[in-house]
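Numbering (the numbering used here), first residue to last: 57 to 502.
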């Protein structure tokens, strides 16, 4: 393996900077030659397809007096590093305040120097438009713009939104692989240090958000011992830590799509953590096998309302269009039943029972008589018929919400807030939906 010279950063610090640890005076000479391309040069097509005016940087021409002021700036260096802090230009040379002292940067190393306040103001404006559109491609373009402006933490958070909506979005995954947003624990170590390095990487990933986990998964994919990695992920899927289970489910789906479907199916419905259930369901979607919805759809008929609710949610996160029809049937059944799913009835007796001797049977044997008493019971009281229904948070509104949410995630439609709204939507759109989203396999005549 090739050797990397950088060290891993803790997640809170790594998410706050695109650059490495603060540069000190004796280290500044190392910036003479570019190490990697600037992050702004790595922006891909979605940004270019939008209007230049909308996505342009808010760096305005500034005079020498303005540049000499000590204000917070985002300095983009030729090396690809981005430094954020109080900066100024003095005698044509850029300086940044580190540890309470001014440190000079080599001449010609600062490519751009926008004020942090201007970038944050533009970020707020663009974010408002992106949220209004609710379009994942625009969200990806916004993440790319944020990365190009040196807002690495915000870029990762935006990529989390993209991957939550579309877990297998090719553009988002490619952008993560090709853009140096943060540094992660490296596996480029000697063979005897590899187990410890892998354990450190997996601990780091378990604490990371969705997008950062993908970076750790890509690092694991470089290992030759794929069986060992798979075994560790399977072991982690059964551990107590919720975050560990969620990361391992995400890793199994990304690195071994379709290979551990049975384990992931169980966790997608029955795991006690919603985060783990979502991660497992999304991992099943990466298998690109619509038949995986069959056991989950069966769970919609469970006698347990919690299982029904979590199965509906799983179908939504798996992302298969074929799940729309059974989900519509589920929503329809819950709506028409009024929430009743065969509530058991029974009888309750309240009263007193008294035993008494009603009679004697006399048997005559040789030279003797045997009395056999007949015992009866006198009952006083009443019998009450009643239905027993358990108290649970998985009531009818909860089931309907899970079903409607799954349908909205799969179809992008939002016909209303009731089950009947979705029933009417399906009656109107069933044929078009199937023609557009479900592949029709021709039936052989033989």
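Glycine is no exception: its CB is placed at the ideal position from the N, C-alpha and C atoms. Quantities reported herein were computed from a predicted structural model and do not represent experimental measurements.
Own chain partners of residue i with C-beta closer than 7 Å, once the 5 adjacent residues on each side are dropped
i           : result
residue 331 : 298, 302
residue 203 : 95, 211, 235, 237
residue 314 : 343, 345
residue 476 : 391
residue 469 : 481
residue 366 : 325, 333
residue 351 : 321
residue 494 : 377, 378
residue 294 : none
Selection from the options that minimises the alpha carbon distance to residue i
i           : options            : result
residue 333 : 238, 345, 319      : 319
residue 488 : 381, 293, 341, 172 : 381
residue 250 : 271, 279, 206      : 279
residue 364 : 305, 453, 254      : 453
residue 290 : 263, 268, 322      : 322
residue 268 : 287, 239, 295, 479 : 239
residue 173 : 456, 127, 350      : 127
residue 296 : 282, 272, 262, 281 : 262
residue 388 : 220, 479, 483, 165 : 479
residue 360 : 187, 326, 339      : 326
residue 339 : 355, 266, 288, 287 : 266
residue 270 : 355, 248, 247, 233 : 233
Alpha-carbon to alpha-carbon, residue j and residue i
i           : j           : result
residue 357 : residue 231 : 41 Å
residue 390 : residue 225 : 33 Å
residue 491 : residue 308 : 32 Å
residue 223 : residue 156 : 43 Å
residue 139 : residue 245 : 28 Å
residue 368 : residue 197 : 31 Å
residue 276 : residue 451 : 42 Å
residue 125 : residue 168 : 16 Å
residue 274 : residue 175 : 31 Å
residue 285 : residue 386 : 38 Å
residue 373 : residue 162 : 50 Å
residue 4   : residue 300 : Nothing can be reported for residue 4: it is not among the residues displayed for the chain, which extend from 57 to 502.
residue 316 : residue 305 : 10 Å
residue 60  : residue 282 : Confidence at residue 60 is low in this model, with a pLDDT of 38, below 50, so the placement of that residue is unreliable and no value is reported for it.
residue 143 : residue 129 : 6 Å
residue 393 : residue 459 : 15 Å
residue 292 : residue 485 : 43 Å
residue 370 : residue 133 : 45 Å
residue 207 : residue 141 : 13 Å
residue 214 : residue 186 : 10 Å
residue 180 : residue 220 : 21 Å
residue 135 : residue 471 : 51 Å
residue 483 : residue 288 : 47 Å
residue 42  : residue 461 : Only positions 57 to 502 of the chain appear in the structure, and residue 42 is not among them; the question remains open.
residue 112 : residue 205 : In this prediction, residue 112 has a pLDDT of 42, which is less than 50 and means its spatial position is unreliable; what the coordinates show is noted afterwards. Straight-line Cα distance between these residues: approximately 10 Å.
residue 183 : residue 189 : 10 Å
residue 473 : residue 248 : 58 Å
Contact check, residue i vs residue j, beta carbons under 8 Å
i           : j           : result
residue 328 : residue 336 : no
residue 243 : residue 229 : no
residue 311 : residue 379 : no
residue 383 : residue 463 : yes
residue 252 : residue 264 : no
residue 166 : residue 131 : yes
Other residues of its chain near residue i: CB distance less than 6 Å, five sequence neighbours each side excluded
i           : result
residue 15  : With the chain running from 57 to 502 in the structure shown, residue 15 is simply not present.
residue 218 : 192, 195, 196, 225, 228
residue 353 : 382
residue 260 : 241
residue 254 : none
residue 456 : 390, 475
residue 355 : 325, 363, 367
Close-in-space but distant-in-sequence residues of the same chain around residue i (CB under 8 Å, 5 per side omitted)
i           : result
residue 164 : 134
Is it true that the segment 186 to 197 meets the segment 134 to 149, where meeting means three or more beta-carbon pairs spaced less than 8 Å apart?
With the cut-off at 8 Å, the segment 186 to 197 and the segment 134 to 149 do not touch.
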